[in-house]
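Residue numbers (my numbering), protein chains in the order written: chain P, 476 to 769; chain Z, 440 to 678. Glycine included, each C-beta is placed from N, C-alpha and C at the ideal position. As the structure is a prediction and not an experimental result, all values here were calculated from the model. One structure is given here, and the rest of the page talks about it.
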Amino acid sequence: MSAYVITIATLIVIYAIVVCGLNVIVGYAGQISLGHAAFFGIGAYTAALLATKGHFSFWGALPLVILISGLVGLLLGLPSLRVRDDFLAITTIGINFIVEAVFLYVPFFGGALGIGGIPRVMLAGIKLKGAAFLLLCLFFLAVVLAVCWWFTRSWAGLACFALREEEQAAASMGISPVRFKLTAFVLGTGMAGLGGALYAHYMRFISATDFSFPVSITLLAMLVIGGMGNLWAPLLGAVILGVLPELFRPIVDYRMLFYTGLLLLMIRFQPGGLLGEGSFLRRRLRLKPGRAAA
Amino acid sequence: MLLEARDLHVAYGDIRAVSGVSFRVDRGELVSIIGANGAGKTSILGALMGIVPLARGTIVYDGDDITGLPAFRRARAGIRLVPERARVFPRLSVTENLMTGVYRQRKKVPLAERIAWLYELFPILAQRRDQPAATLSGGEQQQLAIARALISDPQLLLVDEVSMGLMPKLVDRVFELLEDLNRNHGLTILLVEQNALASLEISQRAYVLETGTCVAEGDTRDLRRDPRIRQVYLGSGTD
Numbered sequence: 476m477s478a479y480v481i482t483i484a485t486l487i488v489i490y491a492i493v494v495c496g497l498n499v500i501v502g503y504a505g506q507i508s509l510g511h512a513a514f515f516g517i518g519a520y521t522a523a524l525l526a527t528k529g530h531f532s533f534w535g536a537l538p539l540v541i542l543i544s545g546l547v548g549l550l551l552g553l554p555s556l557r558v559r560d561d562f563l564a565i566t567t568i569g570i571n572f573i574v575e576a577v578f579l580y581v582p583f584f585g586g587a588l589g590i591g592g593i594p595r596v597m598l599a600g601i602k603l604k605g606a607a608f609l610l611l612c613l614f615f616l617a618v619v620l621a622v623c624w625w626f627t628r629s630w631a632g633l634a635c636f637a638l639r640e641e642e643q644a645a646a647s648m649g650i651s652p653v654r655f656k657l658t659a660f661v662l663g664t665g666m667a668g669l670g671g672a673l674y675a676h677y678m679r680f681i682s683a684t685d686f687s688f689p690v691s692i693t694l695l696a697m698l699v700i701g702g703m704g705n706l707w708a709p710l711l712g713a714v715i716l717g718v719l720p721e722l723f724r725p726i727v728d729y730r731m732l733f734y735t736g737l738l739l740l741m742i743r744f745q746p747g748g749l750l751g752e753g754s755f756l757r758r759r760l761r762l763k764p765g766r767a768a769a
Numbered sequence: 440m441l442l443e444a445r446d447l448h449v450a451y452g453d454i455r456a457v458s459g460v461s462f463r464v465d466r467g468e469l470v471s472i473i474g475a476n477g478a479g480k481t482s483i484l485g486a487l488m489g490i491v492p493l494a495r496g497t498i499v500y501d502g503d504d505i506t507g508l509p510a511f512r513r514a515r516a517g518i519r520l521v522p523e524r525a526r527v528f529p530r531l532s533v534t535e536n537l538m539t540g541v542y543r544q545r546k547k548v549p550l551a552e553r554i555a556w557l558y559e560l561f562p563i564l565a566q567r568r569d570q571p572a573a574t575l576s577g578g579e580q581q582q583l584a585i586a587r588a589l590i591s592d593p594q595l596l597l598v599d600e601v602s603m604g605l606m607p608k609l610v611d612r613v614f615e616l617l618e619d620l621n622r623n624h625g626l627t628i629l630l631v632e633q634n635a636l637a638s639l640e641i642s643q644r645a646y647v648l649e650t651g652t653c654v655a656e657g658d659t660r661d662l663r664r665d666p667r668i669r670q671v672y673l674g675s676g677t678d
């Protein structure tokens, strides 16, 4: 594999991990989030700061990174208990802009210069780069997918699905909306944090714009194209939206036009996403309906 | 006494849906609240379940004041609601819908036994157990909503307009079922209905609601003899 392909593949896998987190929040628990890049960024900045200023190893920092991202997610998930639907969408956009501004204007976070000099990940005394780092990312993607799979089959997952469908009816069944919305936020933002840590150690230089609002939109677009609530949707969406820009390189000036057209076609013909209930891909593969599938 | 509601007031903005309604349900009773559309029946059940905010009033359940409790805590205390228009979880399968009903209760109830019993009561649900609830007809969804409420073996069942959208044959069956659950299984039921005739037939006591206030109450036998009730709710002035 050429370095070029490995680079693209690595970023796709990292994005897939982050989108898995978004899937837990939006797809499983039904809480719209347009600010997921903020948590991706919080993970990346925490990992970068711990590595450069705290001299933590990637492995030593990782539990802290996931914990901090999850805790911030818990804090910022609180608005979801009060507002819903379009108001929640606007609130999460706000969170994204605030987090980006903090990274950009607070000197501790490197300001406009960002944070550089982030070391590579070491494993058994070997610096992981290229294909080895891709394998590491794939390993974490597998872990995240396994957690998602377990979640969709757990009682907590069932509680989240019920809340997504009919909040009042779910509450009338003894399911606490507060508890499970926050569970979804913590789990989802924790996964975003993991993706952020991988991103920081891969790019080795990060700045606030890496986690701006358009990134949140891209993450959500990946999820929508794949099919919200489907286990494999994040991977499929990340592959499609990760590969397309590369394929469209010769017609780079018209890329946004293609994107827009693609999204419009999706909304018109496959509103549930490529892996959604009743999609052409599902019919082709003769997949059985799954409860998580939208 | 299992449930006592005192001076309930429910308002949506400036619109007063319920003003000063009081009632009680004893253990083992089947009580109806009847009244026309917009009389405030659904608001009362919502307030009892905790999904509609109460402007004023007190709800005492099983000796405890539950007025301030959120819905999920009331559910855990043994109250179950069969909501108006079923409100099943559309993308979850029939079985999964049933499972939400025993969330946190699965150690307290003999699950396999309950499911077998419910599938026997509603054979159509057994046939469709793996289908998403959205693919069920209105009547089937209503049956699923009843089964979902019954699976946890509740202490108090609140039933909201169960006859709405059901075909007449099924209405009879559902009322028979509620009567059977009450008489032979000792289930306490509070029934809210537009279909006054059917609900008065199976209940022991009833409250008659008009634009948010209670205008009559008593034994169903007496109410069914009351000429005014007959004229307005039972559709017959003479016998």
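| request: Using the Cα positions of Phe655/P and Phe636/P, report the straight-line distance between them to the nearest angstrom. | output: Here the C-alpha atom of Phe655/P lies approximately 10 Å from the C-alpha atom of Phe636/P.
| request: Would you please verify whether the beta carbon of Glu641/P is less than 8 Å from any beta carbon of chain Z? | output: yes
| field | Rounded separation between Val493/P and Phe514/P - CA only | value | 9 Å
| message | Short of 7 Å Cβ to Cβ, which residues in the stretch 481 to 493 of chain Z face chain P? | response | Met488, Ile490
| Would the beta-carbon of Ala494/Z fall within 8 Å of that of His448/Z? | yes
| message | Could you check whether the Cβ of Leu486/P sits closer than 8 Å to any Cβ belonging to chain Z? | response | no
| request: Using alpha carbons as the reference points, say which of Ala450/Z, Ala475/Z, Asp658/Z, Thr574/Z lies closest to Gly485/Z. | output: Ala450/Z
| task | Determine whether the Cβ of Leu633/P lies closer than 8 Å to any Cβ atom of chain Z. | result | Taking CB atoms only, Leu633/P has a neighbour in chain Z less than 8 Å away.
| request: Could you spell out the range, first to last residue, of the beta strand (DSSP E) harbouring Gly540/Z? | output: Boundaries for Gly540/Z: no beta strand (DSSP E) harbours it, and the DSSP string shows neither H nor E there.
| query | Distance, Cα to Cα, Ser591/Z vs Asp569/Z? | reply | 20 Å
| Any beta-carbon of chain P closer than 8 Å to the one on Pro529/Z? | yes
| field | Cβ-Cβ separation, Glu632/Z to Glu600/Z (assumed contact under 8 Å), whole Å | value | 6 Å
| said: Would you call the stretch 619 to 636 of chain P in contact with the stretch 580 to 595 of chain P, where contact means no fewer than 3 C-beta pairs closer than 8 Å? | reply: no
| query | Do you know how far the Cα of Glu649/Z is from the Cα of Ala475/Z? | reply | 7 Å
| field | Simplified DSSP state of Glu523/Z, which is helix, strand or coil | value | coil
| Contact with chain P by Ala444/Z, beta-carbon distance below 8 Å | no
| Using a C-beta cutoff of 8 Å, does Ile500/P count as contacting chain Z? | no
| request: Give the residues of chain P in contact with Tyr542/Z, contact being defined as C-beta atoms less than 9 Å apart. | output: The contacting residues are Trp630, Leu633, Ala634, Ala637, Ala645, Met648, Gly649, Ile650.
| said: Leu520/Z and Ser647/P - do their beta-carbons sit closer together than 8 Å? | reply: yes
| Between the C-alpha atoms of Asp678/Z and Arg667/Z, what's the straight-line distance to the nearest angstrom? | Any reading at Asp678/Z must be qualified, since the residue scores a pLDDT of 46, below 50, and its modelled position is unreliable; the value itself is stated next. Per the coordinates, the alpha-carbon of Asp678/Z lies some 13 Å from the alpha-carbon of Arg667/Z.
| said: Which runs of the beta strand (DSSP E) at least 3 residues long sit entirely within the stretch 569 to 623 of chain Z? Give them in chain order. | reply: 595 to 599
| query | For the stretch 450 to 482 of chain Z, which residues have a CB atom closer than 9 Å to at least one CB atom of chain P, in sequence order? | reply | Residues of the stretch 450 to 482 of chain Z that bring their beta carbon within less than 9 Å of a beta carbon in chain P are absent altogether.
| message | Within 10 Å of its beta-carbon, does Ile473/Z have 16 or more other beta-carbons around it, so buried, or fewer, so exposed? | response | buried
| According to DSSP, what are the bridge partners of Ser458/Z? | His448/Z
| said: Once the 5 residues before and after Pro817/P are set aside, which same chain residues still bring their CB inside 7 Å of it? | reply: There is simply no residue 817/P to check, as chain P begins at 476 and stops at 769 in what is shown.
| Does DSSP put Ile507/P in a helix, in a strand, or in coil? | coil
| task | Pick out whichever of Leu738/P, Asp685/P, Ile681/P has its Cα sitting closest to the Cα of Phe572/P. | result | Asp685/P
| field | Completely contained alpha helix (DSSP H) runs for the stretch 655 to 737 of chain P, where each covers 4 or more residues | value | 688 to 701, 708 to 722
| query | Apart from the five residues just before and just after Ile500/P, which ones in its own chain have a Cβ nearer than 7 Å to its Cβ? | reply | Gln506, Ser508, Ala659, Phe660, Gly663
| request: Using three-state DSSP, classify Arg466/Z as helix, strand or coil. | output: coil
| task | Measure the C-alpha to C-alpha separation of Thr497/Z and Pro554/P and round it to an integer number of angstroms. | result | 30 Å
| message | Let's see if you can read the secondary structure: which residues bound the beta strand (DSSP E) around Val495/Z? | response | Correcting the residue type first, residue 495/Z is Arg in the shown sequence and not Val. Per DSSP, Arg495/Z belongs to the beta strand (DSSP E) from 495 to 500.
| said: Distance check for Ala588/Z and Lys608/Z, CA to CA, integer angstroms please. | reply: 22 Å
| Taking the beta strand (DSSP E) that Gly649/P falls in, what are its first and last residues? | Per DSSP, Gly649/P belongs to no beta strand (DSSP E) and is neither H nor E.
| task | Give, in chain order, every residue of the stretch 547 to 567 of chain Z whose Cβ lies closer than 9 Å to some Cβ of chain P. | result | none
| task | Compare the C-beta of Thr539/Z with all C-beta atoms of chain P and state if any pair is closer than 8 Å. | result | yes
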